[in-house]
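Using the UniProt record's numbering, read the sequence shown as starting at 1 and increasing by one per residue.
Ideal Cβ placement from N, Cα and C applies to all residues, glycine included.
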Amino acid sequence: MGASRGPRVLVDATAVPPDRGGVGRYVDQLVPALGALGTDLAVVCQRRDTEHYGGLVPSGTVIAAPDAVARRPGRLLWEQTGLPRLAARVGADVLHCPHYTMPLRTPVPVVSTLHDATFFTHPEVHQPVKRRFFRAWTKVSLQRADACIVPSKATLDELDRVTGLVRGQVHVAHHGVDPDTFHVPGADRVAAARAHLGLRSRGYVAFLGTIEPRKNVPLLVEGWRRAVADLDDPPALVVAGGRGWDTGIEEARAAVPPELELLLPGYLPLELLAGFLGGAEVVAYPSQGEGFGLPVLEAMACGAPVLTTRALALPEVGGDAVAYADPTADGIAACLRALLDDPGRRAELSADAVRRAGTFTWVACAEQHVRTYARAIAAHHGTDWAADL
1 MGASRGPRVL VDATAVPPDR GGVGRYVDQL VPALGALGTD LAVVCQRRDT EHYGGLVPSG
61 TVIAAPDAVA RRPGRLLWEQ TGLPRLAARV GADVLHCPHY TMPLRTPVPV VSTLHDATFF
121 THPEVHQPVK RRFFRAWTKV SLQRADACIV PSKATLDELD RVTGLVRGQV HVAHHGVDPD
181 TFHVPGADRV AAARAHLGLR SRGYVAFLGT IEPRKNVPLL VEGWRRAVAD LDDPPALVVA
241 GGRGWDTGIE EARAAVPPEL ELLLPGYLPL ELLAGFLGGA EVVAYPSQGE GFGLPVLEAM
301 ACGAPVLTTR ALALPEVGGD AVAYADPTAD GIAACLRALL DDPGRRAELS ADAVRRAGTF
361 TWVACAEQHV RTYARAIAAH HGTDWAADL
């Protein structure tokens, strides 16, 4: 190996779920951005995704993993046995494992992505099994990976504080936003999203994300109910995304009076998201903690006035281009009502949000990944891959 060529990178995309949420959105945007940089790329994925990744990286190599990886136990077993052999077979210089876990023994350097620290900092918002699993693998990656990638400085700082295992091997690569999907929508896109939802109300407040405890959806519902209760033309609340394990949503839903419109449509097609987010009076994302907060960035790119919180990485994303609320029903209600009563403030936030979102690109994210791959190889082999970085 020498420094005259870029490294051959094997990306393990077998953990990508069918709905493309979470790690799926990250891998699906990172891979073509790496390809656009000319990275010598191989991607291993579930058989159902081979055509998808072949389209995203036509110059790369796409390998179908065994069918057993479709189930988590089979995937984790194959990761320890088949993935290291595959890395050697395709001539990879570095293996990128994009979702916490990694092979314990492998012939090539490993880069692992750790998406957030809330399994340590907010244990109560995660299911016990997931909490134990991701805590353990976060520590393993910090101890055994040649380099780790995190999506924010806040996540790096929290991992350092709660684990004591950060020793210069962790690098920040902010996520980007896809302008082809997330942009200020025209009236036709907004109308299509409204028609899909079957909205009756003239305006609406939007939420997009999995309904899990840290997203704070029950308190969002309560805060919205309080904020709009005395309005003559109250906006609806549309909570879009997968139904997770937050059982509090049902109690909050039951407290909504019949004259208010609350919709829970589940997942929305990707092509409707710009119209849905950009057409909202406010996009509310009052999370209790995020490793990055991609829904906030995507809403900003669509020109939405965004209400969020100052938890963990969210200010790193929103800066001065979003409104911040305390993550309580009272805090959400007060901030939301202030925004609904002030169209001038919403217009100001909308313009600022679009400008700030434009500074987060997947190309910049991919460039940081390439630098981290080189550092991992240098750390593993003592070569000069990273000499010019």
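Tell me the rounded alpha-carbon separation between His96 and Thr210.
The alpha-carbon atoms of His96 and Thr210 are separated by roughly 26 Å.
What's the call for Gly266, buried or exposed, on a 16-neighbour Cβ count within 10 Å?
Under a 10 Å Cβ-count criterion, Gly266 is classified as exposed, with fewer than 16 other Cβ atoms of the shown protein chains found around its own Cβ.
Taking just the CA atoms, how far does Ala333 sit from Phe119?
Rounded to the nearest angstrom, the gap between the Cα atoms of Phe119 and Ala333 is 28 Å.
Span of the beta strand (DSSP E) holding Ile149?
Per DSSP, Ile149 belongs to the beta strand (DSSP E) from Ala147 to Val150.
Does the Cβ-Cβ distance between Asp40 and Arg89 come in under 7 Å?
Cβ distance not < 7 Å, so Asp40 and Arg89 don't count as in contact.
Is the Cβ-Cβ distance between Ala313 and Gly293 less than 7 Å?
In this structure, Gly293 lies closer than 7 Å to Ala313 by Cβ.
On the three-state DSSP scale, how would you describe Ala311?
Look at Ala311 here: in three-state DSSP terms it is coil, with no helix or strand label.
Indicate the three-state DSSP secondary structure (helix, strand or coil) for Ser201 in the structure shown.
DSSP places Ser201 in the coil class of the three-state scheme, outside both helix and strand.
State the start and end residues of the unbroken beta strand (DSSP E) segment that holds Ile63.
Counting along the chain, Ile63 sits inside the beta strand (DSSP E) bounded by residues Thr61 to Ala64.
For a test of the three-state rule: what should DSSP assign to Val283, helix, strand or coil?
If DSSP states are grouped into helix, strand and coil, Val283 belongs with the strands.
If I'm right that Ala274 touches Pro185 with Cβ under 8 Å, what's the distance once you round it to whole angstroms?
The distance from the Cβ of Ala274 to that of Pro185 is about 4 Å, consistent with a contact at the 8 Å cut-off.
For Pro327, three-class secondary structure by DSSP:
In this structure, Pro327 counts as coil in the three-state DSSP scheme.
Distance check for Leu264 and Pro257, CA to CA, integer angstroms please.
Near 15 Å, if we compare the C-alpha coordinates of Leu264 and Pro257.
What would DSSP say about Asp302, mapped onto helix, strand or coil?
Inspection of the sequence shows that residue 302 is occupied by Cys rather than by Asp. Three-state result, Cys302: coil.
Should Gly145 and Met102 be called a contact, given that it needs their Cβ atoms to be closer than 7 Å?
The question names Gly, but residue 145 in the sequence shown is Ala. Yes, the pair counts as a contact, with Cβ atoms nearer than the cut-off.
Residue from Leu307, Ala353, Leu165 and Thr328 with nearest C-alpha to Ala321:
Checking every option, the nearest Cα to that of Ala321 belongs to Ala353.
Is it right to say Trp188 is buried, meaning 16 or more other beta carbons lie within 10 angstroms of its own, or is it exposed?
Here the sequence assigns Asp to residue 188, which means Trp is not the residue at that position. Asp188 counts as exposed, since fewer than 16 other beta carbons sit within 10 angstroms of its beta carbon.
Residue range of the alpha helix (DSSP H) that Val140 falls in?
First-last of the alpha helix (DSSP H) with Val140: Pro128 to Arg144.
Backbone CA spacing between Gln127 and Asp157 [nearest angstrom]
If I take the Cα positions, the gap works out to 24 Å.
Check the DSSP bridge columns for residue 391 and list the partner residues they point to.
With the chain covering only 1 through 389, there is no way to say anything about residue 391.
Can you name the start and end residues of the alpha helix (DSSP H) that Ala154 belongs to?
For Ala154, the uninterrupted alpha helix (DSSP H) run begins and ends at Lys153 to Thr163, by DSSP.
Simplified DSSP state of Val354, which is helix, strand or coil
Val354 falls in the helix class under three-state DSSP.
Per DSSP, which one or two residues make a beta bridge with Asp12?
DSSP output for Asp12 lists Val44 as bridge partner(s).
Measure from the alpha carbon of Gln288 to the alpha carbon of each residue in Pro107, Thr121, Gly303 and Gly279, then state which is nearest.
Nearest C-alpha to Gln288: Thr121.
Run the CB neighbour count on Ser59, radius 10 Å, all protein chains shown included, and call it buried at 16 or more, exposed below.
Taking all protein chains shown into account, Ser59 has fewer than 16 neighbouring C-beta atoms within 10 Å of its C-beta and is therefore exposed.
Starting from Val166 and walking both ways along the beta strand (DSSP E), at which residues does that stretch end?
It is not in any beta strand (DSSP E) - Val166 carries neither H nor E in the DSSP assignment.
So Val217 and Asp246 are supposed to be a Cβ contact under 8 Å. How far apart are they, rounded?
In this structure Val217 touches Asp246 by the C-beta definition: roughly 6 Å separates them, less than 8 Å.
Along the alpha helix (DSSP H) that carries residue 393, what are the first and last residues, could you check?
Absent from the model: residue 393. The displayed extent of the chain is 1 to 389, so no value can be given.
Would you please state the rounded distance, in angstroms, between the beta carbons of Leu270 and Phe276? I believe it to be under 8 Å.
Approximately 11 Å separates the beta-carbon atoms of Leu270 and Phe276; this is outside 8 Å, ruling out the contact.
Terminal residues of the continuous beta strand (DSSP E) containing Val110?
Start and end: Val110 to Thr113.
For Val256, report the span of its alpha helix (DSSP H) as first-last.
Run containing Val256: none; DSSP gives neither H nor E here.
In whole angstroms, give me the CA-to-CA distance for Gly168 and Ala379.
So the alpha carbons of these two residues sit roughly 11 Å apart.
Trp137 to Gly318 span [Cα, whole Å]
Whole-angstrom Cα-Cα distance: 29 Å.
Cβ shell of Pro107 (< 7 Å), same chain only, five flanking positions each side left out:
Answer for Pro107: Pro84, Ala87 and Ala88, listed in chain order.
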